[in-house]
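The structure under discussion appears below in the form of structure tokens.
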Amino acid sequence: MDTRKLGADGPEVSALGLGAMGMSDLYGPADEAESIATIHAAIDAGITLIDTGDFYGSGHNEMLIRDALRQRDRDDVVISVKFGGRRSPDGAFQPAPPETDPVAVKDRLAYTLRRLGTDHVDIYRPTRLNADVPIEDTVGAIAGMVEAGYVRHIGLSEVGAATLRRAAAVHPISDLQIEYSLLSRGIEAEILPTARELGIGITAYGVLSRGLLSGHWTPDRALTGTDFRGHVPRFQGENLTTNLALVDALRTVADSIGATVAQVAIAWVASRGTDVVPLVGARRRDRLQESLAAADLVLSDDDRAAIEAAVPAGAVAGERYPEQQMAVLDSETARS
């Protein structure tokens, strides 16, 4: 697989990364053996970037990755970890702001290193901005962990352009992890240009809009109580009807190219620049294989024009998170 560099000072990684969240959390039950087999298949196919969070499954996801890497060379994989999300014993997310103060940086990193079974994290990033903790304090604390050898690079997640500038003034930032897809193009106005000005790469999550752009979603699909998409506006009522109509239009374009809807959606994000690395959230090997083919799909100018005509910017119905979560996203409130 081709590689891309995450920012001016970040690591070189595969052109596609693997997002492991769904193997432990939020998308309903997952099969652990199949998850590990999927991680192995991803590595065998050339994927070197694996993304996780210390709160995914309340630590389960990190331990799953540890188990998957037991028979692999740790140095062949770039592990990206988000930290700070708070959970309750029943798995619910707590409403309190994320833990991103300097003391929490060291504390949570210590547990992450133990769960992953490693002596360093390749990219460490706060999951969200805590308005009560200056980003300079958070980045400065992680920079101390870089100096100590426990972290290789510093990343950010879901922050706006102003926060990017403040963070980059403290320490080089390798990449901004943020939702970017045909249905979520808000970063293009200010955040993406700012990241490029500062030499910060983009790791794009939600490239299939949590399954909407997979080509496999049906309007009558039942969601389990542990699947958070049951609370996401884009999956509700008339919003879902509107959004699946966009998917049908995209399917027509995909058929003309000889690809699947998912492959076209992933390839479109990858085509936005060599500084953009899409994260695919496959939980099974068959879905992974479909996504991997997107890395070899080269879109012409005409292809991209047809794709964007099928799914115009701003055509999506519904926000990408429930209202309460949207209200605390620095990447969104900074644009409002």
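Using the UniProt record's numbering, the first residue of the sequence shown is number 1, and each one after it goes up by one. Cβ atoms here follow ideal geometry from the backbone N, Cα and C, with glycine treated the same way.
Check: Among ALA162, VAL170 and LEU212, nearest to GLU190 - alpha-carbon criterion; Outcome: ALA162
Check: Counterpart residues of LEU18 in DSSP-defined beta bridges; Outcome: ILE50 and VAL280
Check: For ALA295 and VAL316, the rounded distance between their alpha carbons; Outcome: 25 Å
Check: Limits of the unbroken beta strand (DSSP E) element including PRO126; Outcome: 121–126
Check: Secondary structure of LEU240, DSSP reduced to three states; Outcome: helix
Check: Euclidean distance between Cα positions of SER336 and ASP330; Outcome: Residue placement at SER336 is flagged as unreliable, the pLDDT there being 48, under the threshold of 50; a coordinate-derived value is accordingly withheld.
Check: Contact check, ILE173 vs GLY186, beta carbons under 8 Å; Outcome: no
Check: C-beta contact flag for GLY85 and GLY53 at 8 Å; Outcome: yes
Check: ILE200 beta carbon less than 8 Å from that of LEU250; Outcome: no
Check: Member of LYS82, ALA96, THR138 and ASN130 whose CA lies at the smallest distance from the CA of TYR111; Outcome: LYS82
Check: Rounded C-alpha distance that separates ASP25 from PRO97; Outcome: 20 Å
Check: Own chain residues within Cβ distance below 6 Å of LYS5, not counting five before or after; Outcome: GLU12
Check: Three-state secondary structure assigned by DSSP to THR224; Outcome: coil
Check: Residues near TYR321 in its chain [Cβ-Cβ closer than 6 Å; skip 5 each side]; Outcome: none
Check: Where GLY225 falls, given that 16 or more other Cβ within 10 Å makes a residue buried; Outcome: exposed
Check: Pair within 8 Å by beta-carbon distance, ILE50 and ILE79; Outcome: yes
Check: Three-state secondary structure (DSSP) of LEU156; Outcome: strand
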